[in-house]
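Mapping of the sequence shown onto my numbering: residues 11 to 289, in sequence order.
All residues carry an ideal CB built from backbone N, CA and C; glycine is no exception.
Below is one structure; the comments refer to it alone.
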Amino acid sequence: MSDPRHAARQPAGASPACQCVYVAEDWLLLASCPGGYASSRAAAPAVMGSSDGGFTVTPARGEALRARLTLHAQKSLSAAEGEALFCLYVNPITRAGAAIQAAALGTVCAGPAPSAEVLALIERTASLAAGRGDPTTVRGGVDALLQALTPNTVAPAPDPHVQTVIRVLDRADGMQLGVPDLAAVTGLSADYLRQHFKRRTGCSLSGYRLWLRLRHLAQVALEGTARGEGADLTRLSIGAGFYDSAHAAHFAQAYFGASLSALGAAACGMVDCRLSVAA
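As C-alpha cells, this is what we get:
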C-alpha cells in the first residue's frame with residue numbers, strides 16, 4: 011500500500027511534460043519545465059532559470075518576486091509560477107550542490123542581480139536545453155554555469171561514516187534500507203548518524219536519498235528510451251525505495267512534470283550526458 015505522507019506533491023494544474031531531460035552523474039537538466047511548480051517538503055538542490063525573467067518565485071519566507079534565476083533547496087521555495095526555461099537538479103553532496111544548499115537560505119533573485127557572465131550562461135543553458143544539444147556540449151554548458159554560480163567553493167570534506175553511507179546507498183538494494191540499517195553499518199546510532207551526515211555534508215540524509223531517487227528514476231527512464239519502451243514501474247518501485255508504483259508515479263509527476271511512461275518515451279526525451287557517453 012502506498013504511503014501518501016511520503017509521496018511528492020503534484021503541482022496544481024500541472025503543465026505538459028518537460029520537453030527533454032539531460033542526465034549526468036551529479037545533475038539532471040530539465041528543459042521547458044512545467045508552468046506551475048510547487049516544491050515538496052524536501053526539494054533537491056536546484057537552479058531554475060529563464061532568459062526573459064518570465065517566472066515568479068515565492069521564497070518560503072518572503073514575498074513573490076519576478077526572477078531570471080533562483081536557487082532553492084530543502085524548504086527554501088514555496089512555489090514558482092510561469093515558464094522556467096530550465097530546471098537543474100544537483101547532487102547535494104558535491105561542491106556545487108553544497109554551495110547551492112548554503113545559498114538557498116534565500117533565493118538569488120532576492121539578492122544582487124546576476125552578473126553579465128551568469129546571465130549569458132543562463133541564456134546558453136536555456137538554449138542548449140531547448141535545442142537538444144549533443145551531450146558533450148550540454149555537459150560543458152551546465153558545468154560552466156555551476157562553476158559561475160558557485161565560485162571558490164569546495165566539496166564537503168571526506169568522512170569515513172559518510173562515505174560508508176554513500177557506498178551502501180549505491181548498492182542495488184541500498185535504497186531499501188532504513189536509517190537504523192545504515193546506522194548499524196556505520197556503528198552509530200540512528201539519531202547521531204542523521205546529525206553527523208547533516209553536519210559533514212550540509213545536507214540531510216533524507217535530502218540525499220531524495221536526490222538518489224531523482225537520479226535513479228532518470229537513469230531507468232534512459233534505459234526505457236534506449237529500448238523504445240516506457241519506464242519499468244517494477245524496477246522504479248524496487249530500485250529507488252519507492253513504496254509502490256503509485257508512489258513512483260507521484261514522484262515523477264511532481265519533479266519532472268511527466269508520467270512514468272512519458273519519461274521513458276518520445277513524449278519526454280532523455281539524453282545521456284554521463285562521462286562514459288559524453289567523453
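Beta-bridge pairing of residue i - partner residues as DSSP gives them
i          : result
residue 96 : 41 and 59
residue 82 : 56
residue 87 : 69
Straight-line Cα distance separating residue j from residue i
i           : j           : result
residue 130 : residue 231 : 31 Å
residue 237 : residue 141 : 23 Å
residue 234 : residue 58  : 26 Å
residue 39  : residue 98  : 4 Å
residue 152 : residue 135 : 7 Å
residue 162 : residue 243 : 41 Å
residue 199 : residue 248 : 26 Å
residue 149 : residue 265 : 21 Å
residue 254 : residue 126 : 46 Å
residue 67  : residue 114 : 13 Å
residue 73  : residue 65  : 14 Å
residue 262 : residue 272 : 10 Å
residue 227 : residue 246 : 6 Å
residue 31  : residue 164 : 27 Å
residue 144 : residue 112 : 31 Å
residue 191 : residue 280 : 34 Å
residue 193 : residue 205 : 11 Å
residue 282 : residue 170 : 31 Å
Cβ neighbours of residue i in the same chain (closer than 6 Å, five flanking residues each side left out)
i           : result
residue 328 : Outside the shown range of the chain (11 to 289) lies residue 328, about which nothing can therefore be said.
residue 36  : 101 and 104
residue 221 : 54, 101 and 102
residue 138 : 148 and 151
residue 124 : 79
residue 284 : 34 and 35
residue 88  : 68 and 70
Sub-9 Å separation of residue i and residue j beta-carbons
i           : j           : result
residue 84  : residue 251 : no
residue 187 : residue 203 : no
residue 2   : residue 159 : Residue coverage of the chain in this structure runs from 11 to 289, which leaves residue 2 outside it and unanswerable.
residue 259 : residue 269 : yes
residue 33  : residue 219 : no
residue 156 : residue 106 : yes
residue 86  : residue 108 : no
residue 167 : residue 110 : no
Helix, strand or coil at residue i according to DSSP, with G and I counted as helix
i           : result
residue 32  : strand
residue 164 : coil
residue 279 : strand
residue 50  : Reliability fails at residue 50, whose pLDDT of 44 lies under 50, so the model's placement of it is uncertain and no value is given.
residue 114 : coil
residue 151 : helix
residue 250 : coil
residue 103 : coil
residue 301 : In the structure displayed, the chain extends from 11 to 289; residue 301 sits before or after that span and is not available.
residue 182 : coil
residue 215 : helix
residue 169 : coil
residue 124 : coil
residue 232 : helix
residue 119 : For residue 119, the predicted structure reports a pLDDT of 47, less than 50, and the residue's modelled location is therefore unreliable. A value from the coordinates is still provided. Residue 119 falls in the helix class under three-state DSSP.
residue 137 : helix
residue 144 : coil
residue 199 : coil
residue 273 : helix
residue 191 : helix
Sequence-distant residues of its chain with Cβ nearer than 7 Å to residue i (five each side left out)
i           : result
residue 172 : 207, 210 and 211
residue 178 : 184, 187, 192 and 195
Contacting residues, own chain, Cβ-Cβ under 8 Å from residue i (five flanking each side not counted)
i           : result
residue 13  : Note that residue 13 has pLDDT 35, beneath the 50 cutoff, so the model's placement of it is unreliable and no number is given.
residue 120 : The predicted position of residue 120 is uncertain, since its pLDDT is 43 and thus under 50; a value taken from the coordinates is nonetheless stated next. The residues are 69, 72 and 75.
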